[in-house]
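Next up, the structure:
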């Protein structure tokens, strides 16, 4: 792949620089829907929602879980500021399953004091972790 098709990608979370490298494409979920970004994309910012980010490098693809944040797209650089980013081998599948069950239980009880948005977000994060971790095991 020619260097003229690559852009600089950085994914930064509060505790570390999660990823730094050259990518041909990055795909992720935003509040506007799923997006794919190539070099020379129009500049923009978007809100990142929990989902799987796919990074296409010259050598192949890498996948990770992103849990909320912001993305800044420039023509030759993309920066993602994420609340949390995890590689598949960093995810504890049992813990993610327990979080899914807890979130679903909260949503089913749905009493008036329950923060439904927060419960839905917890469920979505758990499902992203499970999807990524189970994909790693196949």
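Numbering (full-length UniProt numbering), first residue to last: 1 to 138.
Glycine included, C-beta positions come from ideal geometry on N, C-alpha and C.
Label residue i either buried or exposed according to how many other C-beta atoms from any shown protein chain fall within 10 Å of its C-beta, with 16 as the threshold for buried.
{"i": "residue 125", "result": "buried"}
{"i": "residue 42", "result": "exposed"}
{"i": "residue 26", "result": "buried"}
{"i": "residue 14", "result": "exposed"}
{"i": "residue 6", "result": "buried"}
{"i": "residue 129", "result": "buried"}
{"i": "residue 145", "result": "The displayed coordinates of the chain run from 1 to 138. Any statement about residue 145 would go beyond what the structure contains."}
{"i": "residue 78", "result": "buried"}
{"i": "residue 44", "result": "exposed"}
Does DSSP put residue i in a helix, in a strand, or in coil?
{"i": "residue 134", "result": "helix"}
{"i": "residue 24", "result": "coil"}
{"i": "residue 35", "result": "strand"}
{"i": "residue 9", "result": "strand"}
{"i": "residue 17", "result": "strand"}
{"i": "residue 117", "result": "helix"}
Could you pull out every residue in the same chain whose Cβ sits closer than 8 Å to the Cβ of residue i, ignoring the five residues on either side in sequence?
{"i": "residue 18", "result": "11, 12, 64, 82 and 85"}
{"i": "residue 132", "result": "52, 63, 64, 65, 86, 88 and 91"}
{"i": "residue 134", "result": "93"}
Assuming residue i and residue j make a contact with CB atoms under 8 Å, what is their CB distance in whole Å?
{"i": "residue 69", "j": "residue 48", "result": "4 Å"}
{"i": "residue 127", "j": "residue 119", "result": "Contact doesn't hold; Cβ gap of about 13 Å is too wide."}
Just to confirm my understanding: we take residue i, look at its own chain, exclude 5 residues before and 5 after, and list those with CB closer than 7 Å. What are they?
{"i": "residue 61", "result": "54 and 55"}
{"i": "residue 37", "result": "25, 26, 73 and 78"}
With residue i as the anchor, note down where its beta strand (DSSP E) starts and where it stops.
{"i": "residue 108", "result": "It is not in any beta strand (DSSP E) - residue 108 instead sits in the alpha helix (DSSP H) that spans 93-109."}
{"i": "residue 61", "result": "60-66"}
{"i": "residue 81", "result": "77-82"}
{"i": "residue 53", "result": "51-57"}
{"i": "residue 71", "result": "69-73"}
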